[in-house]
Each structure stands twice: as C-alpha cells, then as structure tokens.
C-alpha cells in the first residue's frame, strides 16, 4: 500500500509542479529567455565571444607569450634601474668634462649677447674717435 | 544547447523558487547557472548536460542558503524551522496521529495543488533536491548523486526521508 501511496503522491506532486512551471507569467518567461540568450552568447566559439583559433592550446600559447613579454619588460626596467648609467652623447660628455662652470653653458646665449654688445660698443667708440 | 536550456529553464526556476521562496532570487540563480553551464560545459556530450546543469544550479542554491544562514546568524535571525539540512526530526512529532484519516484518503479529497507545493517547499533543502531531481526531473540515482555532489546511498536516504516527510505533512 505504501508503494501505491508513494506513486499516487509523486504523481500528484509532479502534476502540481508541471502546472506551476507551465503557468509562469509572461514577464518571468521573458527574463528567462534573456538569461538563456546571454548564456548562449557565452558558449565557447559563439559569435558573441572572442574565439581563439586552435582552441585551448592556442589559448595557453597566448598566455605563455604574454607572461614571457611581461618578464622581458620587467627585466628591462630592472636593468635600467639597477645597471650602469646609459652612455652619454658626445656633446653632453664635452660639457660634463669641461672645467667651466655649468652655469656658463646654461646662460650661453646671454654671454654671447654680452660679447656682441661689447664689440658693438668698441666699434662705436673707434668710429667716434675717427 | 538552446533547445536544452529552453526545455529546462522553467523547471529550474520552479526548483530555485521552492528553495528560496523568492522569484527574483530564483531568477538570478537560474541565470547564473545557465551562464556557468554554457561557458564551461557547452562542448560536453549532450547526455551529460542534465546532471551537469543541475549540479551547477543545486550548488548555487546551496551557496545561497549558506549565505542566508550566515547572514541570519550575524543578525541574530534564524530561518524557518525545518529548513536546515536533514536534522533529525522529533519522532514523537513525526508519529502519525491515530485519529487522523489515512494518508490515502487525505490525498484523495483534501490535497490541493497549493498544499502539495507548500509541502515540497517545506522540505529540508537536501530532501527537496533529491525529491525534485529524482521524481520531477527524472534523473536516475547516479545522476542525482552527481548533481547533488553526494553518494548514491545519500540520495536514497534523502529521497526516502522526503517521501516520509511529505506523507506526514499531507495527512495533517
């Protein structure tokens, strides 16, 4: 009797559940459809998803290449920070090796102008005398 | 894949709603399960889909319950009695009332659809999962065990308790 009762009980509950599922309102069904469409767009190889030609192997190769690139970039930055200074260009080296005061180079235009003025004043003076 | 999801989505929503008592939460859980299923298992053989999908959905439902329980503990609130997983029920409370009508009679003329669904809703979560997956979704014991993440023996125990619990509720 218990088995028959269980069958009857199961059958009734199954029908009640079916009716509930069939009686869902339009708004809920619409949201379910949207959820399904979003899920389908996430499928591997679907048009909405970035496809990796070659599948998983290509993806791993891409990831490894990315890691290698990061390592090289990091190593380069570290070398620049910890290693010797970069070679200095010829003109700069001349300036640095010069015994002259650095301010002379920084205000070179001013000193050139001063020299031109001095020569011009001398020329005027000579002209006045003659 | 689309046909599979379209065929399962309504039942998945009802299952999630029975477990959460909340349509919005249920919709979120089903959407989450669909997204995870499609992105991870779309390439698996078709016959593996039902247990895989239900495994994801049932895990989401269990996680949701755990979050609710920990939040309930934090705020000093507790869930509805009987919702925790398969705690041993008081045998005196579970014993049939000798004055009550036979369960068969009660089912024949009293049980409405609403009462039946409420009885399922009141089942402890694991019993509810076992009942819905085996009886409604039609998964066999092995696939139900895969979906629930437990042994086949546990599925049988949960299902047996669920049927006893439902009989008990519906004869009141």
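Residue numbers (this note's numbering), protein chains in the order written: chain A, 1 to 130; chain B, 131 to 302. Ideal placement from N, C-alpha and C gives every residue a C-beta, glycine not left out.
Give the interface partners of residue i over in chain B, defined as CB-CB distance under 8 Å, in chain order.
i: residue 182/A; result: Nothing can be reported for residue 182/A: it is not among the residues displayed for chain A, which extend from 1 to 130.
Please compile the residues from chain A whose C-beta is within a distance smaller than 7 Å of the C-beta of residue i.
i: residue 301/B; result: Result: empty, since nearest Cβ-Cβ is about 10 Å, beyond 7 Å.
i: residue 88/B; result: The structure shown does not extend to residue 88/B, since chain B is modelled only from 131 through 302, so no value can be given for it.
i: residue 144/B; result: 17, 20 and 21
Run through chain A and tell me which residues come within less than 8 Å of residue i, C-beta to C-beta.
i: residue 265/B; result: 10, 13 and 14
i: residue 289/B; result: Near residue 289/B there are no residues of chain A at all, since even the closest Cβ is about 10 Å away, more than 8 Å.
i: residue 135/B; result: 36, 39 and 40
i: residue 157/B; result: 28, 31, 32 and 35
i: residue 278/B; result: By Cβ distance, chain A contributes nothing, its closest Cβ being about 18 Å from residue 278/B, past 8 Å.
Report the residue from the options whose alpha carbon sits nearest the alpha carbon of residue i.
i: residue 190/B; options: 180/B, 164/B and 297/B; result: 164/B
i: residue 298/B; options: 149/B, 153/B, 252/B and 155/B; result: 252/B
i: residue 197/B; options: 150/B, 161/B and 170/B; result: 150/B
i: residue 40/A; options: 186/B, 200/B, 246/B and 133/B; result: 133/B
i: residue 170/B; options: 156/B, 157/B, 185/B and 266/B; result: 185/B
i: residue 254/B; options: 300/B, 172/B, 243/B and 289/B; result: 289/B
i: residue 194/B; options: 159/B, 247/B and 285/B; result: 159/B
Starting from the beta carbon of residue i, find every residue of chain A whose beta carbon is closer than 9 Å, and list them in chain order.
i: residue 153/B; result: 28
i: residue 141/B; result: 17, 18 and 21
State yes or no: is the beta carbon of residue i nearer than 8 Å to at least one beta carbon in chain D?
i: residue 10/A; result: No chain D appears in the structure shown, which is made up of the protein chains A and B.
Contact list for the stretch 21-47 of chain A against chain B, Cβ threshold 9 Å: Those residues of the stretch 21-47 of chain A placed with their C-beta closer than 9 Å to a C-beta in chain B are 21, 22, 24, 28, 29, 31, 32, 33, 34, 35, 36, 37, 38, 39, 40, 41, 42, 43, 44, 45 and 46, ordered along the chain.
Near-chain A residues of the stretch 160-182 of chain B - C-beta to any C-beta below 8 Å: Residues passing the 8 Å Cβ filter: 160, 161, 164, 165, 167, 168, 169, 172 and 173.
Cβ contact (3+ pairs, closer than 8 Å) linking the stretch 108-127 of chain A and the stretch 6-19 of chain A: The stretch 6-19 of chain A and the stretch 108-127 of chain A do not touch, with fewer than three beta-carbon pairs separated by less than 8 Å.
Short-range partners of chain A found in the stretch 247-261 of chain B, where Cβ spacing is below 9 Å: Of all residues in the stretch 247-261 of chain B, only 247, 249, 250 and 261 place a beta-carbon less than 9 Å from a beta-carbon of chain A.
At least three beta-carbon pairs within less than 8 Å, the stretch 254-270 of chain B to the stretch 10-24 of chain A: Segment contact: the stretch 254-270 of chain B against the stretch 10-24 of chain A, three or more CB-CB distances shorter than 8 Å; contact assigned.
contact_flag[the stretch 136-146 of chain B, the stretch 106-117 of chain A] where n(CB pairs < 8 Å) is 3 or more: At 8 Å Cβ cutoff, the stretches do not touch.
Contiguous alpha helix (DSSP H) assignments of at least 4 residues, all confined to the stretch 245-293 of chain B: The stretch 245-293 of chain B contains these whole alpha helix (DSSP H) runs: 255-261 and 271-278.
Alpha helix (DSSP H) runs wholly inside the stretch 150-203 of chain B, at least 4 long, in chain order: Those alpha helix (DSSP H) runs which fall completely within the stretch 150-203 of chain B and span 4+ residues are 153-171.
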